[in-house]
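Residue numbers (our numbering), protein chains in the order written: chain F, 1 to 287; chain C, 1001 to 1274. The beta-carbon is built from N, C-alpha and C at its ideal position, and this holds for glycine as well. This structure is a prediction, so every number in the text was calculated from the model and none was measured. Structure first, commentary second.
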């Protein structure tokens, strides 16, 4: 408890979380409560579906298909970057998609997709099927992240593949001695696992900055299982789809991970501009 | 599950496991940071589970030498990525430290305790010391007037260290009413704000694991002084570094503050604010 400035006594938030309440909840839980909790857990399950048949994959994605390179875009700006610069430079075939539900999003069906709908799709390059791509524009909640990893990577991960993750964070999350208002955003930072030997195309993310959510879950997994992986993090002050933010990812096009996959950059830039205009019309509050 | 950094799991038979509870003020975790940083413990592996919220960052114990290497030729210094639950060891003192950097996912704290304690048994660790804290506003009158540090021992631990603890003149954690609002409620050990401390303690009692809990009564705020206090308290017993009593001129600055503690209260302020 703590007294506020106005003299009222309030329960102060505790960094320990709600452990005490949770323990008491557990003690008071009736069979009905347990049933409700289990139903909710089933509703929140992450399922990986095959593209054609829409049936669940029996094993994890990377146990079923061989993979040498895996590029994962998390968030709408990262997804737009890969769509314009990588997916338009080759023929990519959809392999499957992830279906999940949480309070923030429900993933859409891949057949009628608009760029504003939440989606998590997996693709491989037709000319080299061991090159995979994931476009994830939906929010994967903390209790679903481990499941997502299990369904995609499996529990016996191969070490001979390279993972690249792209995502954005708001610039106010970036801790620095100067005020974040004076930072030249958007800017790129990288974080790589011990086994990733190639150079990053931008400075590494310094302490005390940290990363959360699905990008952190993927990188953690790779670090623990000694898979070479790199995360490119774009700090921006515009979290919705934005041309300047997407273009901030461009230095990555010169890295070994993406160089071979990108053909025509000027054409890609045009495609990106078109993507932006379509979205601007859709984001009219009256429609 | 424990995943070693190297090719094989290190032999931890007879080691003391130091670990924090995610508790009020994060005091246990801050204290662990000080221990790992001061003793320059090396990373030995990860405790990988689905119980903790994922997070990653660069080496939280990077020293000046580490940074300068990054800037020069060896620019691609491998990420000594700190994950949410990393293990460090100091074989010369038979110490292994587990650092927890994020909170538990809902309903996963008990499974985590079970997994951890089962690993403690299988790894052959001799004993566990949990660093924790409890809400200072929940103290009774007697507690308000005494030292803010408390200890708790499981029965099997009591048998082995009772005499040493007695010689330190420490205060054992008092029992309090199980249901504070009810006057004739039973008395039991309660650690409000202690996170998984009570669960770990109870499970260790029933599994006959040698465990000690060291905690401090704190409030949320700048908890660095609390963390320094807690490590000094632990040091009275384990003597990880030279005890204060032997060197009265030394201040608590003999504990090395890790680089991850920079900017604990956020970024710099815009000058236009003033």
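- Message: Among C/1209, C/1201, C/1139 and C/1150, whose alpha-carbon lies nearest the alpha-carbon of residue 1176 of chain C?
- Response: Nearest C-alpha to residue 1176 of chain C among C/1209, C/1201, C/1139 and C/1150: C/1139.
- Item | Residue from F/254, F/271, F/276 and F/55 whose Cα sits closest to the Cα of residue 240 of chain F | The option with the nearest alpha carbon to residue 240 of chain F is F/276.
- Using 8 Å as the limit for Cβ to Cβ distance, is residue 255 of chain F near chain C? For residue 255 of chain F, no CB of chain C lies under 8 Å from its own CB, so it is not counted at the interface with that chain.
- Message: To the nearest angstrom, how far is the alpha carbon of residue 1078 of chain C from that of residue 198 of chain F?
- Response: Interpretation of residue 1078 of chain C is limited by its pLDDT of 28, a score under 50 that renders its predicted location unreliable; no figure is taken from the coordinates.
- Message: Please report the distance separating the alpha-carbon of residue 206 of chain F from that of residue 1058 of chain C.
- Response: Here the alpha carbons of residue 1058 of chain C and residue 206 of chain F stand approximately 6 Å from one another.
- Message: Measuring alpha carbon to alpha carbon, tell me which residue in C/1034, C/1021, C/1019 and C/1022 is nearest residue 1258 of chain C.
- Response: Of C/1034, C/1021, C/1019 and C/1022, the residue nearest in Cα terms is C/1034.
- Item | Residues near residue 1218 of chain C in its chain [Cβ-Cβ closer than 7 Å; skip 5 each side] | Same-chain partners within the cutoff: 1024, 1025, 1027, 1133, 1136 and 1226.
- Spatial neighbours of residue 222 of chain F within its chain, please: CB distance less than 6 Å, with the 5 preceding and 5 following residues excluded, ordered by chain position. These residues qualify, in order along the chain: 163, 193 and 229.
- Task: Step through the CB atoms of chain F and report whether any lies within less than 8 Å of the CB of residue 1060 of chain C.
- Result: True, the Cβ-Cβ gap to chain F drops below 8 Å.
- Message: Between which two residues does the beta strand (DSSP E) holding residue 153 of chain F run?
- Response: Premise fails: residue 153 of chain F is in no beta strand (DSSP E) and is neither H nor E.
- Task: Give the single residue among F/155, F/76, F/185 and F/143 whose Cα lies nearest to the Cα of residue 121 of chain F.
- Result: Nearest option by C-alpha distance: F/76.
- Query: Taking the runs of the beta strand (DSSP E) that are 3 residues or longer, which of them lie wholly in the stretch 1207-1259 of chain C?
  - Reply: For the stretch 1207-1259 of chain C, whole beta strand (DSSP E) runs of length 3 or above, ordered along the chain, are 1211-1218.
- Query: What does residue 1055 of chain C touch in chain F if you count any residue whose Cβ is under 7 Å from its own?
  - Reply: Residues of chain F whose Cβ lies closer than 7 Å to the Cβ of residue 1055 of chain C are, in chain order, 210, 211, 212 and 216.
- Check residue 1140 of chain C in the structure and name its three-state DSSP category. In the three-state reduction of the DSSP assignment, residue 1140 of chain C falls in the coil class.
- Counted within 10 angstroms of its Cβ, other Cβ atoms place residue 92 of chain F as buried (16 or more) or exposed: Buried, by the Cβ-count rule.
- Query: Roughly how many angstroms separate the alpha carbons of residue 238 of chain F and residue 1272 of chain C, rounded to a whole number?
  - Reply: About 22 Å.
- For the stretch 120-134 of chain F against the stretch 202-221 of chain F, are there 3 or more C-beta pairs whose distance is under 8 Å? No, they do not touch.
- Query: What's the call for residue 1055 of chain C, buried or exposed, on a 16-neighbour Cβ count within 10 Å?
  - Reply: Per the 10 Å Cβ criterion, buried.
- Determine, using beta carbons only, whether residue 236 of chain F and residue 186 of chain F come nearer to each other than 8 Å. Yes, they are a contact pair.
- Taking only runs of the beta strand (DSSP E) that begin and end inside the stretch 1009-1053 of chain C, which ones reach a length of at least 3 residues, in chain order? Those beta strand (DSSP E) runs which fall completely within the stretch 1009-1053 of chain C and span 3+ residues are 1016-1020 and 1042-1047.
- Verify the CB distance criterion: does residue 1019 of chain C have a CB-CB separation below 8 Å to chain F? Answer no: the Cβ-Cβ gap between residue 1019 of chain C and chain F never drops below 8 Å.
- At 7 Å on the CB atoms, spell out the chain F contacts of residue 1259 of chain C, in chain order. Contacts between residue 1259 of chain C and chain F, judged by CB atoms closer than 7 Å, involve 207 in chain order.
- Item | residue 211 of chain F beta carbon less than 8 Å from that of residue 85 of chain F | Contact: no.
- Within this structure, are the beta carbons of residue 375 of chain F and residue 90 of chain F separated by less than 8 Å? Residue 375 of chain F lies beyond the range of chain F shown here (1 to 287); nothing can be said about it.
- For residue 124 of chain F, which beta-bridge partners are listed by DSSP? Under DSSP, the beta-bridge partners assigned to residue 124 of chain F are F/93 and F/132.
- Query: From what residue to what residue does the beta strand (DSSP E) around residue 168 of chain F run?
  - Reply: Annotation for residue 168 of chain F: the continuous beta strand (DSSP E) segment containing it runs 162-170.
- What are the partner residues of residue 72 of chain F, as DSSP defines its beta bridges? Residue pairing by DSSP puts residue 72 of chain F in a beta bridge opposite F/134 and F/165.
- Task: May I ask you to report which of helix, strand or coil DSSP gives residue 1117 of chain C?
- Result: Helix at residue 1117 of chain C.
- Item | As assigned by DSSP and simplified to three states, the class of residue 1180 of chain C | Coil at residue 1180 of chain C, not helix or strand.
- Message: Taking a contact to mean a Cβ-Cβ separation below 8 Å, would you say residue 1200 of chain C touches residue 1113 of chain C in this structure?
- Response: In this structure, residue 1113 of chain C lies closer than 8 Å to residue 1200 of chain C by Cβ.
- Task: Check each candidate in C/1128, C/1003 and C/1060 and name the one with the smallest Cα separation from residue 1207 of chain C.
- Result: Comparing Cα positions, the closest option is C/1128.
- C-beta neighbour in chain F for residue 1048 of chain C, strict 8 Å: Contacts with chain F at 8 Å (Cβ-Cβ) include residue 1048 of chain C.
- Message: Suppose the cutoff is 8 Å on Cβ atoms and the five residues either side in sequence are ignored; what does the same chain contact list for residue 1001 of chain C look like?
- Response: Same-chain partners within the cutoff: 1047, 1048, 1049, 1115 and 1119.
- Could you name the residues of chain F that residue 1225 of chain C contacts, counting a contact when the two beta carbons are closer than 9 Å? Those do not exist, as residue 1225 of chain C stays about 16 Å from chain F at its closest Cβ, beyond 9 Å.
- Query: Is residue 43 of chain F close to chain C, meaning its C-beta is less than 8 Å from at least one C-beta of that chain?
  - Reply: No, residue 43 of chain F does not count as interfacial toward chain C.
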